[in-house]
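Keeping their order, the protein sequence lines are chains Z and U. Per the numbering used here, the first sequence starts with residue 3, numbered consecutively. Per the numbering used here, the second sequence starts with residue 6, numbered consecutively. Idealized CB from N, CA, C, for every residue including glycine. Small disclaimer: the values here were computed from a predicted structure and weren't measured.
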Amino acid sequence: MSNEVRISAQAAKGPSLFRRLTASHGFMAVASPIVLLLLWEVAAQARLLDPRFFPAPSSVLGELVTLTLSGELPINLGWTVQRVLIGFVCGAVPAILLGLVMGLSPLLNALLRPTIAAIYPIPKIALFPLIMLIFGLGETSKWVIVGIAVFFQVFFSTLAGVVNIEHIYLDVATNFGASRWQAYRTVALPAALPFIFTGCQLGLGMALIVVVVAEQFGTKLGLGFMIWRSWQIFEVRDMFVALIVVALLGYGSQLAMLALERRLVQWKPKSGSQEVKT
Amino acid sequence: MLGASASNDKRAGPVKISIDGLSKTFASGKLTVTALDAFDLRINEGEFICIVGPSGCGKTTLLRILAGLETPTGGEVRIARGDGNRPLSSMVFQESSVFPWMRVRDNVGYGLDLRGIDRGMRDRTVAHFLELAGLARFGDAWPHQLSGGMKQRVSVARAFANDPEILLMDEPFAALDEQTKIILQQELLRLWSETRKTVLFITHSIDEALVLSDRVLVMSGRPGRVRADIRVDFARPRFVHELKADAGFGRLWHEIWRLLDSSGKLV
């Protein structure tokens, strides 16, 4: 029986611990930054890195604890979160409404789209001086600039979502006698929802970028302010603390958005799901 | 015209739909396509009509006009209304038109929800049609969890649950495999026998037309006209597999085939 090919179950002896760990994507995802931080720590302790620019992770961690306990960090974090949230709502809500309406109305689309498309390529932060001229140095100008940044991301995603709705779904709504409002509620909005969520995720990322820059002006509060101040007084550890918190904030907000999407868009097939036969 | 003129048939109900001189022209740029021209048709209350014809003969256009999805360019359609509360027509579409973002239950209840039918009544109606369509266990499923055949059941149940005066079906089973198709044809007959709605059913399949309908309208190519109006007298209730063994079935099948063939363009 030399010409035999056998396909049998895996040998009972499991793979080694090392192979099991490297095969686990979750483990590798956690392990790689930890290894990187360890290397950084060692390099900083051994003075291979200039501590004026790259302080040891342990000293940054110590600073993070100090700033947290003193209340300085939570207060700054709170201000940034508040600006992002208010700005986000101010941008996303009109973006979704306008995207839905323009998506179903060729006339409005023809009317408004060129203007919106012309403003879109301007780097949003370049508008900030103008916004500050109009709204002053206070909170309003920060909400407005974050709102503008969020608006464009969410608007174009929503519009794309509505324009791409398969026409047959709108035919069903018409045939079943849906009013215009009912067609928006039962077809346009749910069909565009996955696109809207993509836009909101991009928008949140954009909001963080904009808010950190905007907090350079007219405020003494916020993570952005922390970063700019530590640059001025050359306190690099504070800067790293603020950078870490901004990064975590960005990551956390994306996770929150994903969780919300999973709740609201349960109908999207997950890969590998089974269908029921007739 | 071949076949009996069914509008004079004593057994049929009063005239439900009168179509006179209906025409529809689509214009896109310099190109104009006449889908329907001087089209006349009478359909009686409670009749099950199948329309067969070559592609582009305007049969889908006819259905879409009746469904309120297109406006005619000329002529008129008159539909005798029953009591005022029921919706005029519900359509079962070609492709899967089931909303992926609604559970099966909410798809079936769609028309009722739009009309604001009270919750208890709505739930009872939905449960009834889920049961009749063989979907009782799948009320809470998402459409993506269902096969094509199951999705078309949802589409059919949605149209029936809406309780329209006229049911419009645009090749609803065309994309299904043969076995599923026969099962669904049988179930459609059972559903229909309970309600006896006026049905206009478009199909490419002569088999399907003969199995389901009281009358088969054979249409000619563009612009679409009724080439023949053929009465199908098989007794009801019908059983799809037995019907195909009937001698009369083969004869009618052949007659329709010849009409389609001589209309020149088949497919």
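Determine, using beta-carbon pairs with one atom in the stretch 54-72 of chain Z and one in the stretch 238-248 of chain Z, whether at least three such pairs fall under 8 Å.
-> yes
Please check if any C-beta of chain Z sits within less than 8 Å of the C-beta of Ala72/U.
-> Looking up residue 72/U in the second sequence gives position 67. It does: the Cβ of Ala72/U has a partner Cβ on chain Z nearer than 8 Å.
For Thr39/U, which residues from the same chain have a beta carbon less than 6 Å from its beta carbon, with the 5 sequence-adjacent residues on both sides left out?
-> Within the second sequence, the letter at position 34 stands for residue 39/U. The answer, listed in chain order, is Thr30 and Pro228.
What is the DSSP secondary structure of Asp173/Z, counted as helix, strand or coil?
-> Counted from its first residue, the first sequence places residue 173/Z at position 171. The answer is helix: DSSP assigns Asp173/Z an H, G or I state.
CA nearest to the CA of Met208/Z, picked from Leu132/Z, Ile124/Z and Val152/Z = In the first sequence, counting from the first residue as 1, residue 208/Z sits at position 206. The shortest C-alpha separation from Met208/Z is found at Val152/Z.
Hey, could you find the ends of the beta strand (DSSP E) Ala258/Z is sitting in?
-> Along the first sequence, one-based indexing puts residue 258/Z at 256. Taken as a continuous stretch (DSSP letters only), Ala258/Z belongs to no beta strand (DSSP E), being part of the alpha helix (DSSP H) at Val238 to Leu266.
Start and end of the alpha helix (DSSP H) containing Ser277/U?
-> This structure gives no information on residue 277/U, because the portion of chain U shown stretches from 6 to 272.
In angstroms, rounded to a whole number, what distance separates the CA positions of Ala48/Z and Ser232/Z?
-> Taking the first sequence and counting its residues from 1, one reaches residue 48/Z at position 46. Taking the first sequence and counting its residues from 1, one reaches residue 232/Z at position 230. Rounded to the nearest angstrom, the two C-alpha atoms are 25 Å apart.
Buried or exposed: which applies to Asp88/U, given that a residue is buried once 16 or more other Cβ atoms fall within 10 Å of its Cβ?
-> Residue mapping note: residue 88/U aligns to position 83 of the second sequence, counting from 1. It is exposed - the Cβ of Asp88/U has fewer than 16 other Cβ atoms within 10 Å.
DSSP-derived helix/strand/coil call for Ile24/U | For the purposes of this step, residue 24/U is taken as residue 19 along the second sequence, with counting starting at 1. Strand.
So, helix, strand or coil for Asp234/U, using DSSP?
-> Position 229 of the second sequence, counted from the start, is the residue given in the question as residue 234/U. Correct three-state label for Asp234/U: strand.
What are the start and end residues of the alpha helix (DSSP H) that includes Asn112/U?
-> One-based indexing of the second sequence puts residue 112/U at position 107. Element bounds for Asn112/U: Val109 to Val113.
Answer yes or no: do Met228/Z and Asn78/Z have a C-beta to C-beta separation smaller than 8 Å?
-> Position 226 of the first sequence, counting from 1, holds the residue named residue 228/Z. Position 76 of the first sequence, counting from 1, holds the residue named residue 78/Z. It is a contact, given that the beta carbons lie within the stated cut-off.
Take the Cβ of Gln190/U as the centre, count every other Cβ of all protein chains shown within 10 Å, and call the residue buried at 16 or more, exposed below.
-> Along the second sequence, one-based indexing puts residue 190/U at 185. Gln190/U is buried by the Cβ-count criterion.
Cβ of Asn167/U less than 8 Å from any chain Z Cβ?
-> In the second sequence, residue 167/U corresponds to position 162, counting from 1. Yes, contact with chain Z.
Any chance the stretch 169-188 of chain U sits against the stretch 204-221 of chain U, with 3 or more Cβ pairs inside 8 Å?
-> yes
Please go through the stretch 108-158 of chain U and give each complete beta strand (DSSP E) segment of 3 or more residues, from N-terminal end onward.
-> none
Got a sec: is the Cβ-Cβ distance from Gly201/Z to anything in chain U below 8 Å?
-> As a working note, residue 201/Z is residue 199 in the first sequence. No, Gly201/Z lies away from the interface with chain U (no Cβ there is under 8 Å from its Cβ).
If you measure from the beta carbon of Trp183/Z to each beta carbon in chain U, is any gap under 8 Å?
-> Within the first sequence, the letter at position 181 stands for residue 183/Z. Chain U contact via Cβ: absent.
Using a threshold of 7 Å, is the CB atom of Glu192/U nearer than that to any non-hydrogen atom of the ligand FAD?
-> As for the ligand FAD, it is missing from this structure, which has no ligand bound.
Ile127/Z lies in the beta strand (DSSP E); which residues open and close that run?
-> Here the question's residue 127/Z lines up with position 125 in the first sequence. Careful: Ile127/Z lies outside any beta strand (DSSP E) and carries neither H nor E.
What residues in its chain sit with their C-beta under 8 Å from that of His246/U, if we drop five residues either side in the sequence?
-> Taking the second sequence and counting its residues from 1, one reaches residue 246/U at position 241. The answer, listed in chain order, is Ile187.
Measure the alpha-carbon distance for Ile98/Z versus Phe244/U and round it to whole angstroms.
-> Mapped onto the first sequence, residue 98/Z falls at position 96. Mapped onto the second sequence, residue 244/U falls at position 239. The straight-line gap from Cα to Cα measures roughly 52 Å.
Of the residues Val82/U, Ala72/U and Arg108/U, which one's Cα is nearest the Cα of Met96/U?
-> The residue labelled residue 96/U in the question sits at position 91 within the second sequence. Among Val82/U, Ala72/U and Arg108/U, the Cα nearest to that of Met96/U belongs to Ala72/U.
Are Asn167/U and Gly116/U close, meaning C-beta to C-beta below 8 Å?
-> Position 162 of the second sequence holds residue 167/U. Position 111 of the second sequence holds residue 116/U. Against a cut-off of 8 Å, the Cβ pair of Gly116/U and Asn167/U comes out as a contact.
For Gly179/Z, which three-state DSSP category applies?
-> Your numbering for residue 179/Z matches position 177 in the first sequence. In the structure shown, Gly179/Z sits in coil (DSSP, three-state: anything other than H, G, I, E or B).
Rounded separation between Ala190/Z and Glu81/U - CA only | Residue numbering aside, residue 190/Z sits at position 188 when the first sequence is read from its first letter. Residue numbering aside, residue 81/U sits at position 76 when the second sequence is read from its first letter. Rounded to whole angstroms, Ala190/Z to Glu81/U spans 32 Å at the Cα level.
Any C-beta of chain U under 8 Å from that of Ile136/Z | Walking along the first sequence from the start, residue 136/Z turns up at place 134. False, the Cβ-Cβ gap to chain U never drops below 8 Å.
Candidates Gly61/U, Leu215/U, Thr65/U and Asp234/U: closest to Ala240/U by CA position = Taking the first residue of the second sequence as 1, we reach residue 240/U at position 235. Nearest option by C-alpha distance: Leu215/U.
Rounded to a whole number of angstroms, what is the C-alpha to C-alpha distance between Gly179/Z and Ala250/U?
-> Here residue 179/Z corresponds to residue number 177 of the first sequence, with the count starting at 1. Here residue 250/U corresponds to residue number 245 of the second sequence, with the count starting at 1. Cα-Cα distance, rounded: 42 Å.
How is Phe20/Z classed by DSSP in three states: helix, strand or coil?
-> As a working mapping, residue 20/Z is identified with position 18 in the first sequence. Looking at Phe20/Z - three-state DSSP - the assignment turns out to be helix.
Spell out a yes or no on whether the stretch 116-132 of chain Z and the stretch 86-97 of chain Z are touching, meaning 3 or more CB-CB pairs, one atom from each, closer than 8 Å.
-> no
Tell whether a beta-carbon distance below 8 Å holds between Val165/Z and Gly220/Z.
-> As a working note, residue 165/Z is residue 163 in the first sequence. As a working note, residue 220/Z is residue 218 in the first sequence. Cβ atoms of Val165/Z and Gly220/Z: not closer than 8 Å.
Should Arg86/U go down as buried or exposed, given a rule of 16 or more other Cβ atoms within 10 Å for buried?
-> By one-based count along the second sequence, residue 86/U stands at place 81. It is exposed - the Cβ of Arg86/U has fewer than 16 other Cβ atoms within 10 Å.
Going by DSSP, which residues form a beta bridge with Lys29/U?
-> Within the second sequence, residue 29/U is the residue found at index 24, counting from 1. DSSP lists Leu41/U as partners of Lys29/U.
Starting from the beta carbon of Gly121/U, find every residue of chain Z whose beta carbon is closer than 9 Å, and list them in chain order.
-> Residue 121/U sits at position 116 when you count from the first residue of the second sequence. Going along chain Z, no residue has its Cβ under 9 Å from Gly121/U, so there is no contact; the nearest lies around 10 Å.
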